[in-house]
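Residue numbers (my numbering), protein chains in the order written: chain F, 58 to 207; chain D, 2 to 101.
What follows is one structure encoded as structure tokens, with my remarks underneath.
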Amino acid sequence: MSRKYELVYVVSPEATDAQVADLHTQVEAIVQRIGGRIEKTENWGRRKLAYEIGRHKEGTYVLEVIEGSGDVMKEIDRRLKVTDLVIRHLVVRIDEEQGVVERMRARRTEVSRRRRVARGLPPDRQPGEGQRGESDDDRDDHFDMGEDLR
Amino acid sequence: MNGRKSFGGGGGGGRGKSSDQKTKDGQRRPMFRRRKVCKFCTDKIDDINYKDVRMLMPFVPERAKVLPRRISGTCAMHQRKLRTAIMRARQLALIPFTTE
Numbered sequence: 058m059s060r061k062y063e064l065v066y067v068v069s070p071e072a073t074d075a076q077v078a079d080l081h082t083q084v085e086a087i088v089q090r091i092g093g094r095i096e097k098t099e100n101w102g103r104r105k106l107a108y109e110i111g112r113h114k115e116g117t118y119v120l121e122v123i124e125g126s127g128d129v130m131k132e133i134d135r136r137l138k139v140t141d142l143v144i145r146h147l148v149v150r151i152d153e154e155q156g157v158v159e160r161m162r163a164r165r166t167e168v169s170r171r172r173r174v175a176r177g178l179p180p181d182r183q184p185g186e187g188q189r190g191e192s193d194d195d196r197d198d199h200f201d202m203g204e205d206l207r
Numbered sequence: 002m003n004g005r006k007s008f009g010g011g012g013g014g015g016r017g018k019s020s021d022q023k024t025k026d027g028q029r030r031p032m033f034r035r036r037k038v039c040k041f042c043t044d045k046i047d048d049i050n051y052k053d054v055r056m057l058m059p060f061v062p063e064r065a066k067v068l069p070r071r072i073s074g075t076c077a078m079h080q081r082k083l084r085t086a087i088m089r090a091r092q093l094a095l096i097p098f099t100t101e
């Protein structure tokens, strides 16, 4: 049974690049030993933590997308827990979520295509159509506060 | 009844029949408020991800609490997804639990 997991771990800022790389090879070794594969590795580099963990204010974030069974993640989880260099880690299963997202997206495009055809338009959006382009992103992030807050 | 607030005194039961007295007492009716819509529905964001801090930040105002639905206008489904995303981001210290 193959599942997809996402692993993010935060390495202590004192760790050298070599140590971070070493940690990655350790994870890789576990994945290969139990059976699975690493799909993607991303190093986000050093970021400021939102709150202090222990005495640390910064951390190096590493993301790994792993395909394998639950046993792989169990072992990785156990190992990361006892590794002092890793100050925080999180394992999330993503295959189900991804499926849902893809289905929703597919359904949406399908519905919009059908509607467009019903209106006698070509199924896909033409460039320069509509009042507002999809790309321009004026993020309206401000909510009307007050009043409702009691 | 049932702990429901009933102003206006008099007999009970009369709920929603106050169209004639809206200007009398201090009810600020003619105040326009923009209709709130779910940001994730309008922008067609299916995937609320805990890694995208820039997207989550507007939903955790100063005190770093989750912005309630009645203010942001987020629909129930997306608020639920938003909540899990925020909780995961908090675990990884991407978003604060609280600010002092």
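Ideal Cβ placement from N, Cα and C applies to all residues, glycine included.
Check, Outcome
"Once DSSP output is grouped into helix, strand and coil, what is the label at Gln22 of chain D?", "Residue confidence for Gln22 of chain D is low, a pLDDT of 43 falling below 50, so the modelled location carries little weight and cannot support an answer."
"Measure the alpha-carbon distance for His79 of chain D versus Met161 of chain F and round it to whole angstroms.", "13 Å"
"Please return the same chain residues whose Cβ sits closer than 7 Å to the Cβ of Pro70 of chain F, not counting the five positions on each side in sequence.", "Arg103, His113, Glu115, Gly116, Thr117"
"Start and end of the beta strand (DSSP E) containing Glu96 of chain F?", "93-110"
"Within the same chain, show all residues whose beta-carbon is closer than 8 Å to that of Glu144 of chain F, passing over the 5 residues directly before and after it, in chain order.", "Note on identity: in this sequence residue 144 of chain F is Ile, with Glu being the wrong assignment. For Ile144 of chain F, where only same-chain residues beyond five positions count, the Cβ hits under 8 Å are Val67, Val68, Ser69, Ile110, Gly111, His113, Gly116."
"Helix, strand or coil for Val119 of chain F per DSSP?", "strand"
"So who's on the other strand from Leu64 of chain F, going by DSSP bridges?", "F:Glu121, F:Val148"
"Looking only at DSSP bridge pairs, what is Val143 of chain F linked to?", "F:Val68"
"Could you give the DSSP three-state label for Lys138 of chain F: helix, strand or coil?", "helix"
"How would you list, in chain order, the residues of chain D whose beta-carbon sits under 7 Å from the beta-carbon of Ala45 of chain F?", "This structure leaves residue 45 of chain F out entirely; chain F is present only between 58 and 207."
"Would you say the beta carbon of Gly92 of chain F is closer than 8 Å to some non-hydrogen atom of the ligand ADP?", "No copy of the ligand ADP occurs in the structure displayed, which carries no ligand at all."
"Enumerate in chain order the residues of its own chain whose CB-to-CB distance from Ser126 of chain F is below 8 Å, with the five nearest sequence positions on each side excluded.", "Met58, Ser59, Arg60, Ile91, Gly92, Gly93"
"Run the CB neighbour count on Gln22 of chain D, radius 10 Å, all protein chains shown included, and call it buried at 16 or more, exposed below.", "Note that Gln22 of chain D has pLDDT 43, beneath the 50 cutoff, so the model's placement of it is unreliable and no number is given."
"Enumerate in chain order the residues of its own chain whose CB-to-CB distance from Ile87 of chain D is below 8 Å, with the five nearest sequence positions on each side excluded.", "Tyr51, Leu57, Phe60, Val61, Val67, Ile96"
"Quick one: list the residues of chain D neighbouring Ala107 of chain F, beta-carbon separation under 7 Å, in chain order.", "Ala94, Leu95, Ile96, Pro97"
"Strictly under 9 Å for the Cβ-Cβ distance: is Ile110 of chain F near chain D by that measure?", "yes"
"Identify the residues that DSSP records as bridge partners of Pro113 of chain F: which are they?", "Before going further, note that residue 113 of chain F is His rather than Pro in the sequence given. DSSP lists F:Ile110 as partners of His113 of chain F."
"Would you please verify whether the beta carbon of Asp53 of chain D is less than 9 Å from any beta carbon of chain F?", "no"
"If you draw a straight line from the C-alpha of Thr98 of chain F to the C-alpha of Ala90 of chain D, how long is it?", "19 Å"
"Pull out every residue of the segment 64-76 of chain D whose Cβ sits closer than 9 Å to any Cβ of chain F, in chain order.", "Ala65, Leu68, Pro69, Arg71, Ile72, Ser73, Gly74"
"Check this for me: beta carbons of Leu64 of chain F and Glu121 of chain F, under 9 Å apart or not?", "yes"
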